[in-house]
Amino acid sequence: VVFNPLQISARFSIIMKFNMLGSGGVFAPPRAGCKCKACEEAREKGIPYARTGCSLYNYDAKLLFDTPEEIRMQLNRERIFDCRHVILTHWHPDHTMGVRFLEHLSQQGTCEPIHLYMAKHQQETFKKLSCGGFLDFYEKNNIIKVHDFEEEMDFGAVKVIPYYIEKTEGYYFLITDGNKRLVYAPCEYHELKVDESIKDVDVFIPHQLYYEDNSISEVDYSGEEDSFEKMLEDAKQMNAKRIIVTHIEE
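Yeah, the sequence shown ends on 792 if you go by the working numbering, and it's all consecutive.
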């Protein structure tokens, strides 16, 4: 089930105060220069046919997951003005290329740096292959304070536990607020193993995955990611009440 960002915000308020700012994939529609039916429809109708990069915001913790290229637009669209914590789930450009928005926040009158969390090995790859060099510059100028992932990251009532995916060296995340539980797996979903402690999940937000019967695409992605059918089995294992798919390609 996929909702647009405003509907997500309204429905999530029953569970936790989250807003799915964007749910697009690597090539979110409409693609620049593309005149295919999906992209033309996205231009004409806007959200939810038009999508922006993966990002998720928690209001209570003032916590943002990922900074896609459109993050400045996403935050302005949803009138979100306060962000004190940022978790970069992994180094991929479609999840991190908007990191420069941190400079915008640093100009808003607070002297406190924004706390940015990213696994150490992902930081190294980010600096080597993408724009991660900004992190050192921002930390030197007191714009951010960089943290490695911890076993549990504490944001007051909101707790975040990262679970390592060995195959991809990525992570999925259990986010809790009291007895409410959300699992976020926006990317790097390959040979994901559901931890036995993850049960009775209210919302499961997984990466869009390929269908085993190739009903959507004839391209074989089995060497790169798990299947949609395997994801449904994972959802059953964690007893997820609702699935909302993200990282959706055109």
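For each residue, glycine too, the CB sits at the ideal point set by N, CA and C.
* Whose C-beta lies closer than 6 angstroms to the C-beta of V743 among residues of the same chain, with five residues either side of it excluded? -> R723, V725, M780, A782
* Asked: Taking Cβ positions only, does E694 come closer than 9 angstroms to chain C?
  -> Given the protein chain composition of this structure (a single chain), no chain C is represented.
* Where the beta strand (DSSP E) containing A727 begins and where it ends -> 722 to 727
* So, helix, strand or coil for A552, using DSSP? -> Any reading at A552 needs caution, since the residue's pLDDT is 39, under 50, leaving its predicted position unreliable; the model's value is listed next. In the structure shown, A552 adopts helical secondary structure according to DSSP, grouped into three states.
* Distance, Cα to Cα, S555 vs P748? -> Because the pLDDT of S555 is 49, which lies under 50, any placement of that residue in the model is unreliable, and the question is left without a value.
* From the DSSP output, in three-state form, read off K684 for me. => Note on identity: in this sequence residue 684 is Asn, with Lys being the wrong assignment. Here N684 sits in coil by DSSP.
* Asked: When you compare each of S769, D602, L751, Y680 to N561 by their alpha carbons, which one comes out closest?
  -> D602
* To do: Please classify P704: does DSSP put it in a helix, a strand, or coil?
  => strand
* Kindly list the residues whose CB is nearer than 6 angstroms to the CB of M639, restricted to its own chain and excluding five residues on each side of it in sequence; keep chain order. => Excluding positions up to five away in sequence, the list reads E611.
* What does P571 pair with, by DSSP beta-bridge criteria? -> Paired residue(s): none; P571 is not in a bridge.
* Asked: For L644, does the three-state DSSP call read helix, strand or coil?
  -> helix
* Nearest neighbour of D690, chosen from Y659, F668, K701 [CA to CA] -> Y659
* Taking one C-beta from the region 616 to 624 and one from the region 751 to 767 each time, how about it: are there three or more such pairs within less than 8 angstroms? -> Here the region 616 to 624 makes no contact with the region 751 to 767; the two share fewer than three CB pairs at distances below 8 angstroms.
* Asked: Who are the near neighbours of L606 in its chain, counting only those whose CB is closer than 6 angstroms to its CB and skipping five residues on each side?
  -> Y599, C625, V628
* Asked: By Cβ distance, which residues of its chain are closer than 7 angstroms to E711, with the 5 residues on each side in sequence left out?
  -> H663
* Considering only residues of the same chain and omitting the five flanking positions on each side of F545, which have a CB-CB separation below 6 angstroms? -> Here F545 scores only 42 on pLDDT, less than 50, and its place in the model should not be relied on; the value that follows carries that caveat. Nothing meets the Cβ criterion.
* Expressed to the nearest angstrom, what Euclidean distance is found between the alpha-carbon atoms of Q665 and C729? -> C-alpha separation (whole angstroms): 16 angstroms.
* Take T631 as the anchor and find which of R619, H646, L774, F668 has the nearest alpha-carbon. => From the listed residues R619, H646, L774, F668, the smallest Cα separation to T631 is found for F668.
* Beta-carbon separation of I790 and S565 under 9 angstroms? -> yes
* Entirely enclosed alpha helix (DSSP H) segments - the region 586 to 638, minimum 4 residues -> List check, alpha helix (DSSP H) in window: 613 to 619, 635 to 638.
* Asked: Got a sec, what are the start and stop residues for the alpha helix (DSSP H) L774 sits in?
  -> 770 to 779
* To do: Assign G674 to one of three DSSP states: helix, strand, or coil.
  => coil
* **CA nearest to the CA of K735, picked from E760, K709, V745, V641** => Taking the Cα of K735 as reference, the smallest distance to any Cα among E760, K709, V745, V641 is reached at K709.
* To do: Measure the C-alpha to C-alpha separation of I786 and L647 and round it to an integer number of angstroms.
  => 29 angstroms
* To do: Identify which residue in H634, P635, S597 has its Cα closest to the Cα of L617.
  => S597
* Going by CA-CA distance only, name the one from D678, L774, E694, H732 that's closest to V688. => D678
* Based on Cα-Cα distance, which residue from Y713, A584, F746, E692 lies nearest to D776? -> F746
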